[in-house]
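Peer 1: Counting from 1, one number per residue, gives the positions in the sequence shown under this note's numbering. C-beta atoms are modelled at their ideal positions from N, C-alpha and C, and glycine is treated no differently.
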Amino acid sequence: MNRTCLSPDYRRSSFLFALLLAFSLLRGIPAYAQFTLVKISGDSFNNPESQHKTEVEPDTYSWGSTMMAAFQVARISGGGGADLGFAITTDGGKTWTHGLLPGLTVHYKQGTHEAASDASVVYNARFGVWLISSLPINPFGVNVATSSSKDGIHWSDPVMVDNGAADDKNWITCDNNTKKPLLRQLLHGMGRKRFGPYEHLHGRGQDLGTS
């Protein structure tokens, strides 16, 4: 029988390694235990065509300690939601305020569209305004609109960006680089579905997204 004799130094280093490994694993447990989910919004609609208690396809944007989320509310099986909702925190996620975009769909504050989809949110630092891009949905097609807010809580009625009736995959962003003021402009893009591949369109503006 062959015997292997471990030196005291080897045994000592193995013990220290095992001790450090156990310590590192124990330190990681509280980090997971302290993580909790926070409900920031909920579906308040009762229209028959929606799948209720649903809020889907979110987009988020943060500026300092403020974070904005935008999403579909009350998903409709044919596409989009009964409206687009928002939720904002100004204290790094400790407290949230939520609501719905007015004037966008027939389900909330005299909107004219049947549904809305594809929320995309950005902050324009030059003008101090939040912008949410959306796809208003009607029987005759899908367009692109933008809603704006100074405080992230009170929102304007949507401004139509494109009436192509075949729009999809919209996005919005803003160059907030303070060192390059000439580049601090709003960029708004979308795809347009015809009978073939998507056409990729984009717009550029220096205002609040109102034109």
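Would the beta-carbon of Ser117 fall within 7 Å of that of Gly80?
Peer 2: In the sequence shown, counting from the first residue as 1, residue 117 sits at position 117. In the sequence shown, counting from the first residue as 1, residue 80 sits at position 80. Yes, the Cβ-Cβ distance between Ser117 and Gly80 is below 7 Å.
Peer 1: What are the partner residues of Ser149, as DSSP defines its beta bridges?
Peer 2: Indexing the sequence shown from 1 puts residue 149 at position 149. For Ser149, which the question treats as bridged, DSSP gives the partners Trp130.
Peer 1: Is Thr95 buried or exposed, if buried means 16 or more other CB atoms sit within 10 Å of its CB?
Peer 2: Counting from 1 along the sequence shown, the entry for residue 95 is found at position 95. It counts as exposed.
Peer 1: To the nearest angstrom, how far is the alpha carbon of Thr146 from that of Thr112?
Peer 2: Translated into the one-based positions of the sequence shown, residue 146 becomes position 146. Translated into the one-based positions of the sequence shown, residue 112 becomes position 112. Whole-angstrom Cα-Cα distance: 14 Å.
Peer 1: Please go through the same chain and pick out, in chain order, the residues whose beta-carbon is closer than 7 Å to the beta-carbon of Leu183, but skip the five residues on each side of it.
Peer 2: Your numbering for residue 183 matches position 183 in the sequence shown. Only weak support is given to the placement of Leu183: the predicted model assigns it a pLDDT of 49, under 50, and the question is left unresolved by the model.
Peer 1: Secondary structure at Lys169, three-state DSSP: helix, strand or coil?
Peer 2: Position 169 of the sequence shown holds residue 169. Three-state result, Lys169: strand.
Peer 1: Strictly by DSSP, which residues pair up with Tyr123?
Peer 2: One-based indexing of the sequence shown puts residue 123 at position 123. Per DSSP, Trp130.
Peer 1: If distances are taken between C-alpha atoms only, which option among Gln51, Val121, Thr90 and Val144 comes closest to Gly164?
Peer 2: Numbered from its first residue, the sequence shown carries residue 164 at position 164. Nearest of Gln51, Val121, Thr90 and Val144 to Gly164, Cα basis: Val144.
Peer 1: Cβ atoms of Asn47 and His107: under 7 Å apart, would you say?
Peer 2: Taking the sequence shown and counting its residues from 1, the one referred to as residue 107 is at position 107. Taking the sequence shown and counting its residues from 1, the one referred to as residue 47 is at position 47. Against a cut-off of 7 Å, the Cβ pair of Asn47 and His107 comes out as a contact.
Peer 1: Apply the 10 Å Cβ neighbour rule to His200 and answer buried if 16 or more other Cβ atoms are within range, or exposed otherwise.
Peer 2: Taking the first residue of the sequence shown as 1, we reach residue 200 at position 200. Legend: pLDDT at His200 = 42, less than 50; position of this residue unreliable, no value from coordinates given.
Peer 1: Which partner residues of Ala70 appear in the DSSP bridge assignment?
Peer 2: The sequence position of residue 70 within the sequence shown is 70, counting from 1. BP columns for Ala70 point to Asp59 and Phe86.
Peer 1: Are the Cβ atoms of Gly85 and Leu100 separated by less than 7 Å?
Peer 2: Translated into positions along the sequence shown, residue 85 becomes position 85. Translated into positions along the sequence shown, residue 100 becomes position 100. Yes, they are a contact pair.
Peer 1: Return the first residue and the last residue of the beta strand (DSSP E) that Leu100 is part of.
Peer 2: Taking the sequence shown and counting its residues from 1, one reaches residue 100 at position 100. Taken as a continuous stretch (DSSP letters only), the beta strand (DSSP E) holding Leu100 covers Thr97 to Leu100.
Peer 1: According to DSSP, which residues form a beta bridge with Pro48?
Peer 2: Numbered from its first residue, the sequence shown carries residue 48 at position 48. The partner list for Pro48 (beta bridge, DSSP) is empty, contrary to what the question assumes.
Peer 1: Counting only beta-carbon separations shorter than 7 Å, does Asn47 have a partner in chain B?
Peer 2: Protein chains in the displayed structure number just one, and chain B is not present.
Peer 1: For Gly81, name the three-state secondary structure that DSSP assigns.
Peer 2: Indexing the sequence shown from 1 puts residue 81 at position 81. The answer is strand: DSSP assigns Gly81 an E or B state.
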